[in-house]
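*Asks:* The structure's right below; bear with me while I get my questions together.
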Amino acid sequence: MKIPSNKIVDVIRYFRDELKNSYETNELETMMAHCFEKFININRSELTLRQNETLTESELLKFNFAIKDLKLQKPIQYILGTADFYGMKFIVNKNVLIPRPETEELVDLIIKEYQISRVEFHDQEIDIIDIGGGSGCIAIALKKNIRAANVTCLDISEQALEVATQNAKLNYVEINFLPDNILQPAFDFRLTTYDFIVSNPPYVCISEKHGMQKNVLDYEPHLALFVEDNNPLKFYTAITDFAIGHLKPRGKLYFEINQAHGEEVKLLMEQKGFKNVVLKKDFNNKNRILRGNI
Ligand code: GLN
97 MKIPSNKIVD VIRYFRDELK NSYETNELET MMAHCFEKFI NINRSELTLR
147 QNETLTESEL LKFNFAIKDL KLQKPIQYIL GTADFYGMKF IVNKNVLIPR
197 PETEELVDLI IKEYQISRVE FHDQEIDIID IGGGSGCIAI ALKKNIRAAN
247 VTCLDISEQA LEVATQNAKL NYVEINFLPD NILQPAFDFR LTTYDFIVSN
297 PPYVCISEKH GMQKNVLDYE PHLALFVEDN NPLKFYTAIT DFAIGHLKPR
347 GKLYFEINQA HGEEVKLLME QKGFKNVVLK KDFNNKNRIL RGNI
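To convert, note that position 5 of the sequence shown is 101 in this note's numbering; the numbers rise steadily by one, no gaps.
Right, here's the structure in full:
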């Protein structure tokens with residue numbers, strides 16, 4: 097089956113018919129509105145008024161592909177090529193995770209805590225590193241909101257850093273990008289210290305795969321998601337050790353964590369010497385953020 101005519105009204109009807117069994121109405125209507133906005137620059141409120149207009153063949157083709165992909169549970173953000181995060185637009189593709197709302201909470205916490213303690217920094221430049229930065233959403237949102245920050249975004253994936261570089265341009269910020277592996281850094285960090293170290297490393301265990309949604313499992317980069325079951329805290333251990341050696345006095349370490357490992361990572365940080373370690377829940381009431389200082 098194809099879309100029966102080039103008329104917008106038919107595209108709308110087809111979109112709804114084809115996807116009504118796969119998505120809830122609200123979600124479907126929102127995704128459709130995003131497609132109209134992106135593909136033909138018509139916003140939601142104009143849509144009903146312009147129902148009798150016709151689309152070109154190439155516009156129609158975009159809808160056909162989008163509907164086909166949505167049926168296969170491809171995330172709408174990958175279809176559109178963009179995602180929203182902390183009030184900003186980010187380019188996304190298969191090489192980066194789609195930014196999550198719980199990560200917005202992490203960014204928000206860092207910004208709020210910075211603002212509270214701002215006087216201590218005397219408005220001087222501060223140094224931040226985001227380890228495993230992916231699309232750059234954390235690094236870029238921090239730079240955008242903490243102007244005095246000098247932000248580094250490290251990732252092992254050069255393809256991810258290409259996306260992050262485009263995102264920095266898109267959002268008019270300067271970020272230092274560093275392709276490296278935090279488990280075995282090639283970069284010489286000996287003289288480098290930071291005020292804030294932040295990371296949302298891979299934290300989903302391979303054994304958790306069976307409970308995961310197809311849209312995540314089939315489309316998002318496994319390199320950014322998964323960690324072996326026999327060493328689920330390997331990134332947390334390595335990054336906590338790194339932080340001990342590279343945080344400035346009273347510098348802070350922020351993690352996004354797997355809800356199942358909150359207490360364990362908290363203990364890990366405390367055993368390695370972190371103070372005031374706080375475990376915070378996300379909007380779903382799940383353990384999601386850890387913060388501590390040295
Ligand atoms: N929060 C992501 C998810 O649940 C995982 C992100 C990560 O592994 N860092 O899919």
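Every residue, glycine too, gets a C-beta built ideally from N, C-alpha and C.
When you compare the CB positions of A235 and Q220, do they come within less than 8 angstroms of one another, or not?
*Replies:* Here the question's residue 235 lines up with position 139 in the sequence shown. Here the question's residue 220 lines up with position 124 in the sequence shown. No, the pair does not count as a contact, with Cβ atoms beyond the cut-off.
*Asks:* Extract the residue ranges of the alpha helix (DSSP H) inside the stretch 175-260, only unbroken runs of 4 or more that lie entirely within it.
*Replies:* The stretch 175-260 contains these whole alpha helix (DSSP H) runs: 197-212, 233-241.
*Asks:* Check the C-beta distance from K368 over to D325 and give it rounded, since I have them as a contact under 8 angstroms.
*Replies:* For the purposes of this step, residue 368 is identified with residue 272 of the sequence shown, where counting begins at 1. For the purposes of this step, residue 325 is identified with residue 229 of the sequence shown, where counting begins at 1. Not really, about 23 angstroms apart at Cβ, beyond 8 angstroms.
*Asks:* Alpha carbon to alpha carbon, how far is K239 from E270?
*Replies:* Along the sequence shown, read from residue 1 onward, the residue named residue 239 stands at position 143. Along the sequence shown, read from residue 1 onward, the residue named residue 270 stands at position 174. Rounded to the nearest angstrom, the two C-alpha atoms are 8 angstroms apart.
*Asks:* Using a C-beta cutoff of 8 angstroms, does N122 count as contacting chain D?
*Replies:* The displayed structure is made up of one protein chain only, and chain D is not part of it.
*Asks:* With DSSP run on the structure shown, which of helix, strand or coil describes D291?
*Replies:* In the sequence shown, the residue the question calls residue 291 occupies position 195. Correct three-state label for D291: strand.
*Asks:* If you follow the beta strand (DSSP E) that K158 is in, where does it begin and where does it stop?
*Replies:* Here the question's residue 158 lines up with position 62 in the sequence shown. Where K158 is concerned, there is no enclosing beta strand (DSSP E), although the alpha helix (DSSP H) it sits in stretches over 153-167.
*Asks:* Kindly indicate the opening and closing residues of the alpha helix (DSSP H) around E366.
*Replies:* Here residue 366 refers to the residue found at position 270 of the sequence shown. Segment 358-367, the alpha helix (DSSP H) holding E366.
*Asks:* List the residues that DSSP assigns as beta-bridge partners of N272.
*Replies:* For this step, residue 272 is matched to residue 176 along the sequence shown. In DSSP, N272 forms a bridge with T248.
*Asks:* Just the Cα atoms here: how many angstroms apart are I163 and F322?
*Replies:* Start at 1 with the first residue of the sequence shown, and residue 163 comes out as number 67. Start at 1 with the first residue of the sequence shown, and residue 322 comes out as number 226. So the alpha carbons of these two residues sit roughly 29 angstroms apart.
*Asks:* How many Å lie between I225 and V247 at the Cα?
*Replies:* One-based indexing of the sequence shown puts residue 225 at position 129. One-based indexing of the sequence shown puts residue 247 at position 151. Taking the straight line from one Cα to the other gives about 6 angstroms.
*Asks:* Using 10 angstroms around the beta-carbon of D314, count the other beta-carbons present and answer buried if the total reaches 16, otherwise exposed.
*Replies:* For this step, residue 314 is matched to residue 218 along the sequence shown. Exposed: under 16 other Cβ atoms inside 10 Å.
*Asks:* Taking the beta carbon of Q229 as the centre, do at least 16 other beta carbons fall within 10 Å, making it buried, or is it exposed?
*Replies:* Here residue 229 corresponds to residue number 133 of the sequence shown, with the count starting at 1. Rather than Gln, the amino acid found at residue 229 in this sequence is Gly. Its Cβ being crowded by 16 or more others within 10 Å, G229 is buried.
*Asks:* Here's a check: name, in chain order, each residue in its chain whose Cβ is nearer than 7 angstroms to the Cβ of K103, leaving out the five neighbours to either side.
*Replies:* Translated into positions along the sequence shown, residue 103 becomes position 7. Result list for K103: N148, T150, in chain order.
*Asks:* Determine the direct distance from the alpha carbon of V259 to that of N189, and round the result to whole angstroms.
*Replies:* As a position in the sequence shown, residue 189 is number 93, starting the count at 1. As a position in the sequence shown, residue 259 is number 163, starting the count at 1. Approximately 8 angstroms, taken between the alpha carbons.
*Asks:* Looking at the strands, I want to know which residues DSSP matches up with T150.
*Replies:* Start at 1 with the first residue of the sequence shown, and residue 150 comes out as number 54. Answer is K103.
*Asks:* Could you tell me the distance, in whole angstroms, from the CA atom of Q173 to the CA atom of A264?
*Replies:* As a position in the sequence shown, residue 173 is number 77, starting the count at 1. As a position in the sequence shown, residue 264 is number 168, starting the count at 1. If I take the Cα positions, the gap works out to 18 angstroms.
*Asks:* In angstroms with no decimal places, state the Cα-to-Cα distance between P171 and N311.
*Replies:* One-based indexing of the sequence shown puts residue 171 at position 75. One-based indexing of the sequence shown puts residue 311 at position 215. Whole-angstrom Cα-Cα distance: 6 angstroms.
*Asks:* Return the CA-CA distance between V192 and S253, expressed in angstroms with no decimal places.
*Replies:* For this step, residue 192 is matched to residue 96 along the sequence shown. For this step, residue 253 is matched to residue 157 along the sequence shown. Near 9 angstroms, if we compare the C-alpha coordinates of S253 and V192.
*Asks:* Determine the closest residue to T289 out of I302, A339, P275, with distance taken between C-alpha atoms.
*Replies:* Counting from 1 along the sequence shown, the entry for residue 289 is found at position 193. For T289, the nearest C-alpha among the options comes from A339.
*Asks:* Answer yes or no: the CB of V203 versus the heavy atoms of the ligand GLN, is any distance below 7 angstroms?
*Replies:* The residue given as residue 203 occupies position 107 in the sequence shown. Not under cutoff, so the answer is no.
*Asks:* Starting from K348 and walking both ways along the alpha helix (DSSP H), at which residues does that stretch end?
*Replies:* For the purposes of this step, residue 348 is identified with residue 252 of the sequence shown, where counting begins at 1. Segment 343-352 is the beta strand (DSSP E) holding K348; no alpha helix (DSSP H) there.
*Asks:* Check whether the stretch 269-283 touches the stretch 193-201, counting contact only when three or more Cβ pairs, one atom from each stretch, lie closer than 8 angstroms.
*Replies:* Because the criterion of three Cβ pairs below 8 angstroms is not met, the stretch 269-283 and the stretch 193-201 do not touch.
*Asks:* Note the first and the last residue of the continuous beta strand (DSSP E) segment covering L386.
*Replies:* The residue you call residue 386 lines up with position 290 of the sequence shown. Looking at the DSSP string, the run of the beta strand (DSSP E) that includes L386 is 383-389.
*Asks:* Ordered along the chain, which non-local residues of its own chain (more than five positions away) have a Cβ less than 6 angstroms from that of Q262?
*Replies:* Within the sequence shown, residue 262 is the residue found at index 166, counting from 1. Around Q262: I187.
*Asks:* Where do the N-terminal and C-terminal ends of the beta strand (DSSP E) with N372 fall, by residue?
*Replies:* In the sequence shown, counting from the first residue as 1, residue 372 sits at position 276. Element bounds for N372: 371-377.
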